Amino acid sequence: MTRALFALKLRLFRNGSHNERAFSLVAGLILAALVIAGASLSTRGVIHEGWIAVALTVWGGMWLFGPLAQPRHDPSVISREWLRGYPLRQWRLARALSWTELLGVGPLITLACLSSLVVLAAPGGTVAVAAAVAAVVAQLYLLVWAGKTVAALAAWLLQTRVGMTLAAVQTAIMLALSFAGWVPVAAWLLPLLGVGDTTLVIPTAGRLPEPMVDVLAASPTGWGYGAALAARDGAGAGPVLLPLAALLTLGALLQLCWIALTVRVLRRPPRQARARRPAVPGRALSLPFTTPQVAAVVSRELATWLRDPARGVELRSAWLTPLLMALVIAATDWIWALPLVGPAAAVFGAMAAVNTYALDGTAQWQLLTTPGALKADVHGRMAAWALMFGLPSIALAAVLWAATGSPLGGAAVGGAIAAAAAGCAGAPLLALVMPAVGADARDRVYPGQQAGDPTGGQMTIFPVVLLGAILPGVIGGPWWGSVLVAGLLAAIVLGVTPALSVRLLRQRGAGLLEAMAARDTAVLRAATGTRS
Amino acid sequence: MRNSCVPAVEVAGLTQRFGTVLAVDRLNLTIPPGMFYGIVGPNGAGKTTILTAMCGLRRPTAGTVRVAGHDLRTAREAALAQLGVMTDGLSLPERLTAVEVLRYSAGLRGLDGGWRARAGDLLEILGLDAVPRTLIVEYSTGMRKKINLALALLHRPRVLVLDEPFEAIDPVSARSIEQVLKQYVEAGGTVVLSSHIMDFVERNCRRVAVVAGGRVLVEGPVEQVAAGSTLNERFVELVGADPVRTLEWLA
Chain H
7 MTRALFALKL RLFRNGSHNE RAFSLVAGLI LAALVIAGAS LSTRGVIHEG WIAVALTVWG
67 GMWLFGPLAQ PRHDPSVISR EWLRGYPLRQ WRLARALSWT ELLGVGPLIT LACLSSLVVL
127 AAPGGTVAVA AAVAAVVAQL YLLVWAGKTV AALAAWLLQT RVGMTLAAVQ TAIMLALSFA
187 GWVPVAAWLL PLLGVGDTTL VIPTAGRLPE PMVDVLAASP TGWGYGAALA ARDGAGAGPV
247 LLPLAALLTL GALLQLCWIA LTVRVLRRPP RQARARRPAV PGRALSLPFT TPQVAAVVSR
307 ELATWLRDPA RGVELRSAWL TPLLMALVIA ATDWIWALPL VGPAAAVFGA MAAVNTYALD
367 GTAQWQLLTT PGALKADVHG RMAAWALMFG LPSIALAAVL WAATGSPLGG AAVGGAIAAA
427 AAGCAGAPLL ALVMPAVGAD ARDRVYPGQQ AGDPTGGQMT IFPVVLLGAI LPGVIGGPWW
487 GSVLVAGLLA AIVLGVTPAL SVRLLRQRGA GLLEAMAARD TAVLRAATGT RS
Chain W
894 MRNSCVPAVE VAGLTQRFGT VLAVDRLNLT IPPGMFYGIV GPNGAGKTTI LTAMCGLRRP
954 TAGTVRVAGH DLRTAREAAL AQLGVMTDGL SLPERLTAVE VLRYSAGLRG LDGGWRARAG
1014 DLLEILGLDA VPRTLIVEYS TGMRKKINLA LALLHRPRVL VLDEPFEAID PVSARSIEQV
1074 LKQYVEAGGT VVLSSHIMDF VERNCRRVAV VAGGRVLVEG PVEQVAAGST LNERFVELVG
1134 ADPVRTLEWL A
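So the sequences go chain by chain: H and W. For the first sequence, the positions run 7 to 538 when the working numbering is used. For the second sequence, the positions run 894 to 1144 when the working numbering is used.
1) For the 8 Å Cβ check, are there 3 or more pairs between the segment 141-156 of chain H and the segment 225-236 of chain H?
2) With 8 Å as the threshold, decide whether the Cβ of W371 (chain H) is near any Cβ in chain W.
3) Closest Cβ-Cβ distance between V125 (chain H) and chain W: below 8 Å?
4) Measuring CB atoms only, is the segment 1002-1009 of chain W touching the segment 957-964 of chain W, in the sense that at least three cross pairs come out at less than 8 Å?
5) Counting only beta-carbon separations shorter than 8 Å, does P129 (chain H) have a partner in chain A?
6) Counting only C-beta atoms, is P413 (chain H) closer than 8 Å to chain W at any point?
7) Quick check: what's the CA-CA separation for I1058 (chain W) versus M357 (chain H)?
8) Name, please, each residue of chain W whose Cβ falls closer than 8 Å to the Cβ of P298 (chain H).
9) Apart from the five residues on each side of it in sequence, which residues of its chain come closer than 6 Å, Cβ to Cβ, to V219 (chain H)?
10) Is it the case that the segment 400-407 of chain H contacts the segment 972-982 of chain W, given that we only count it when at least three CB pairs across the two stretches are under 8 Å?
11) Within the 8 Å Cβ cut-off, does V303 (chain H) reach chain W?
12) In terms of residues, what are the limits of the alpha helix (DSSP H) holding E1112 (chain W)?
13) Rounded to the nearest angstrom, what separates D366 (chain H) and A447 (chain H) at their Cα positions?
14) Counting only C-beta atoms, is R1100 (chain W) closer than 8 Å to chain H at any point?
15) Compute the Euclidean distance between the alpha carbons of G212 (chain H) and L62 (chain H), then round it to the nearest angstrom.
16) Over the uninterrupted beta strand (DSSP E) stretch that includes V917 (chain W), give me the two end residues.
17) Find the residues of chain W that neighbour D459 (chain H), judging by a C-beta separation of less than 7 Å, and give them in chain order.
18) Hey, which unbroken runs of the beta strand (DSSP E) at 3 residues or more fall wholly within the segment 1077-1105 of chain W?
19) Flag this pair as yes or no: are the beta carbons of M1036 (chain W) and V933 (chain W) separated by less than 8 Å?
20) Taking 8 Å as the CB-CB limit, is S984 (chain W) close to chain H?
21) Taking 8 Å as the CB-CB cut-off, is D446 (chain H) touching chain W?
22) If you measure between the beta carbons of L985 (chain W) and A258 (chain H), is that distance less than 8 Å?
23) Less than 8 Å separating the beta-carbons of Y1077 (chain W) and V1085 (chain W)?
24) Quick one: Cα of V135 (chain H) to Cα of A33 (chain H), how far?
25) List, in order along the chain, the chain W residues whose C-beta lies closer than 7 Å to that of A516 (chain H)?
26) If you pair each beta-carbon of the segment 326-341 of chain H with each one of the segment 372-382 of chain H, do three or more pairs fall below 8 Å?
27) Do you know offhand how far F71 (chain H)'s Cα is from I476 (chain H)'s?
28) Just to make sure I have the definition right: I need the residues of chain W whose C-beta is within less than 8 Å of the C-beta of D314 (chain H). Which are they?
29) Provide the residue span of the alpha helix (DSSP H) that contains T461 (chain H), from first to last.
30) I'd like to know if E970 (chain W) contacts chain H, where contact means its C-beta is closer than 8 Å to some C-beta of that chain.
31) Could you tell me the alpha carbon to alpha carbon distance between A100 (chain H) and G355 (chain H), rounded to whole angstroms?
32) Return helix, strand or coil for D220 (chain H), following the three-state DSSP convention.
33) Taking Cβ positions only, does T106 (chain H) come closer than 8 Å to chain W?
34) Identify which residue in W:A968, W:G1106, W:I943, W:E993 has its Cα closest to the Cα of L907 (chain W).
35) On the DSSP letters alone, give me the boundaries of the alpha helix (DSSP H) that I943 (chain W) sits inside.
36) Pair every Cβ in the segment 961-968 of chain W with every Cβ in the segment 1037-1044 of chain W, then say whether three or more of these pairs are closer than 8 Å.
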């Protein structure tokens, strides 16, 4: 059975989309080559070998946190639903499936990266190299099963409302640490920056502290590293074999855990959506300065943001991230930087809303068959975004300015205004230009189901909105200048972009619907190409 | 004032190509107003493609579609205003309840206050008022068909285009949909539907087009197309069915 499943997975790989896989392969191999080059330099004493332990820990962290950091992904290639119908014992099936999990880009690039251990051990001779090869295999085994088990656990958790919130919290922590994790370090290096003093406190540590390397080598991601170094240094059988045995034992336990979780999935009947908390039919929304058509779309959008599980994760993480960033900053001497959380909130709000058309899926047919609906839809999405993210971002910047009296307060408010305008107008536009098509809205019951990966759109809108956030502070001068520049920028962006989005929706709407029905953006590209 | 001389739907030279595949080949149809019109054909015949082009969801490779005299290409908004569409297998705003989705649709179309009474009637007749707090995403296939029909009828269109309205639904749901459609046609509306259920088409449609390979094989009043036998028998005869050899291993 394992052979049949291997063949099936290979066939699925061959017939599936290669873009993302090819990108991961190339990027992964480049990174792996850098780690190997680092190992080679360390054997010549150019850099400290502890950096290889750091690199392998980060790589292992990607296995552990990668799947969790992207809660929209279902990492399985062979559909569990499809296999449910076969009269096979679930344990046997899950065990056979587990071996197919070793087939993929992740294990391949990790194998390449871990071969740096062989380079590290090479000066120790043939026996050391053989031990390092064994360490590579054992470490790979552990990392693969750690990652797969975490992903399976995440998929299980994401079927519940609590899991959805946990996923959002986890994503928010990752993002907050990525975007504000440097602030404590910077505050340490430049403690008086807030009063304009740029005196740099130079750290004295020139190389990695030994205790840190010891901790990294003692953690499971460093066991292979420890075994390879022990073999190189001729430390005897114990220090080499013990970590290898630990890697294989822990890996086997994790594989067993994954098999148990997969058996659970195979036994469960196909899930139907169920109202856990019955929705109370909302009242008609009446908004000032909007037509009934736009108000209808705003009402739909607000309900969808609060009820759609995929949007729910994005909404929660988009708001939790700036709040956590504020906590990180508040814990340092850089209190003056707090108002900047306002523009950051607008940036994260824009990233959260960059795939709304694909998330709504084939529901777009209704817009295409209703007179005047396309324009109302674009304006309604923008108004809903302004209510959910834009206006609160500006308010957040203003409140934190008032609370801290920061000299950057004016620039932060101006930045929040410009960033909110850029996010408000840019998110629907990018949702049309770069839709990440996944499972259709009617088939998505919980966020763990494939809802399309919007990373491309997010990475595109991020610098655009960030630029909007920075410009008022850079060219505005005093606080009123920043706000004035922000107002002008907002007027230009909000005046030009919506018309472009409506035009694009008219041109590409039918192709977009077709792509969503086929769950393939290549259909959209083909339709656009044919028409142009 | 409705002009009875203007066809409800007029399709001329409709051609739809997908790459090298010719899905619809220079198809012509004229559907008078007040007609219950059926389009039948085997799987892959092009029925959904025809209906999709008819309601403006796909731009045809060639040919024109007119709805109540309005060309979908040149007077799209006017043509769409006359149409009510019921799709098969497509999503709706899934996180809304039935009342919310009807309110949304009414708002999107800018309907006057009369829509509330119509929505109430439709929800009651189609049995959706019993689940006021259920989201669309939680609906069964039959409930989805019903809410789609309610959405298609809410703005009192002149033409209803229905793709497989009876596919995969229970007889009770089918009956309530059938009753509503009959009332609609009796009131002067035009129904154009595709279906595999020959019994329904024979019972309700006044005219039928048998489509295969993207072309109309035969079109006319149902009795005339059936030509003395049942529509099902005539359909199999027209489309052609290979004899099924005996599978010895089934014994």
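Every residue gets a Cβ at the ideal spot worked out from N, C-alpha and C, and that includes glycine. All values reported here derive from a predicted model rather than from experimental measurement.
In brief:
1) yes
2) yes
3) no
4) no
5) Of the chains in the structure shown, none is chain A; the protein chains are H and W.
6) no
7) In the sequence as displayed, the identity of residue 1058 (chain W) is Pro instead of Ile. Straight-line Cα distance between these residues: approximately 39 Å.
8) G1000, G1003
9) G56, A59
10) no
11) yes
12) Careful: E1112 (chain W) lies outside any alpha helix (DSSP H), inside the beta strand (DSSP E) at 1108-1114.
13) 5 Å
14) no
15) Summary for G212 (chain H): the model assigns pLDDT 49, below 50, so the residue's position carries little reliability; its value from the coordinates is reported in the next sentence. Near 21 Å, if we compare the C-alpha coordinates of L62 (chain H) and G212 (chain H).
16) 914-924
17) The contacting residues do not exist; D459 (chain H) stays about 19 Å from chain W at best.
18) 1083-1087, 1100-1105
19) no
20) yes
21) yes
22) no
23) no
24) 27 Å
25) L950, R951, R952
26) no
27) 31 Å
28) E987, R988
29) 461-482
30) yes
31) 40 Å
32) helix
33) no
34) W:I943
35) 940-947
36) no
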